[in-house]
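Heads up: the sequence shown begins at 9 in our numbering, then just goes up one per residue. Just so you know, even glycine gets a beta-carbon here, dropped at the ideal spot from N, CA and C. Keep in mind the model is a prediction, meaning the values are calculated, not measured. Below is one structure; the comments refer to it alone.
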Amino acid sequence: MFQMEVTAMNRSHLLYRLQTIDLEISNGKRRQEEVEAGLGESEELRQARRALQKAADELNRWRTTLRDLELEAKSLTAKITSVEERLYGGRVTNPKELANLQNEVSYLKRRRNELEDRQLEAMVKVEEHEAEVDSKKASLAQIEAEWTQTQKRLAEERSELEERLAHLKKERVEVEGMIGAEDLALYRELCSRKGGQAVALLKGGVCQACRVTLPTSQVQQARSGNSLSFCSSCQRILYAER
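Quick look at the structure:
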């Protein structure tokens, strides 16, 4: 394999490559965490399902109420028919008993009228909640469709990230193996003090890490490659692109 001459310029270049790889690995891991957090049921999906269940429960409650009222009304109608048969059948002739039967019929009919009003209210409620359930179902279907697409995309991205990170880690081992022990120790020490960024690109006379314009003499020194150069502002290792 071609053996690269280890000059200061090559040293800074290797350190910059290592820095670039480390930053990409860090960003990749951060994105991995975001992707993992996005996989699985979302809170929006759970809320939509709960909303549908709540609407369905309320609909069932009103349907039960309506059935109960219908059964009660049917029972009252049968009782009214029975009492009216006694009232008008001719077998009862006692005036007081006839009056009692008439009063009972009147009472039962009033109760039936009240039940019919409650039935009408229940029917309206059933229709309203049927419409609400249909609306919640449509909303859930849309959310589920979007969620399914998102899950597919995130699963694909997770696979891509795993593959990319595996490649980067392999490349990092190779690059790290080309860096001297002292430079590597310096890189690690600066990373720990500089928020994970030990090397800064020098572009147009400006340190791209701290955005400070450096003196011409320092820029020339960094570009000459005679030794490792450091930003006079942030103290990071400078790498000047050729």
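By the criterion of a C-beta distance shorter than 7 Å, L109 is surrounded in its chain by V91, R94, L95 and V100, once the five residues flanking it on both sides are discounted. A distance of 8 Å or more separates the beta carbons of G46 and R172. It is roughly 11 Å from the alpha-carbon of E140 to the alpha-carbon of Q61. Taking each of R120, F238, N234 and C199 in turn and checking the Cα distance to V214, the smallest one comes out for F238.
Only buried fits Y247, as 16 or more other CB atoms lie within 10 angstroms of its CB.
For K104, there is no enclosing beta strand (DSSP E); the enclosing alpha helix (DSSP H) has its first and last residue at P103 to E184. The beta-carbon distance between R244 and A193, rounded to whole angstroms, is 15 Å. This is too long to meet the 8 Å contact definition.
Here L176 is actually not in contact with V43; their C-beta atoms are around 16 Å apart, not less than 8 Å.
Contact annotation: E184 and L31 have beta-carbon atoms that are not nearer than 8 Å. Taking 8 Å as the cut-off, the Cβ atoms of L116 and K87 count as close. 8 Å or more divides the Cβ of I151 from the Cβ of A64. Taking the Cα positions, Y195 is about 23 Å away from T221. In the structure shown, the three-state DSSP call for K211 is strand.
Following the DSSP letters along the chain, one finds L53 in no beta strand (DSSP E) but inside the alpha helix (DSSP H) bounded by residues E51 to Y96. Judged by DSSP secondary structure, L222 falls outside any alpha helix (DSSP H); it is assigned neither H nor E. Non-local beta-carbon contacts of C242 in its own chain, meaning distances under 6 Å to residues more than five positions away in sequence, involve A217 and C218 in chain order. In the structure shown, L47 falls within a coil segment according to DSSP collapsed to helix, strand and coil. By the neighbour-count criterion, in which 16 or more other beta carbons inside 10 Å mark a residue as buried, K144 falls on the buried side. For L246, the beta-bridge partners assigned by DSSP are A208. In this structure, the CA atom of S235 is about 33 Å from the CA atom of A174.
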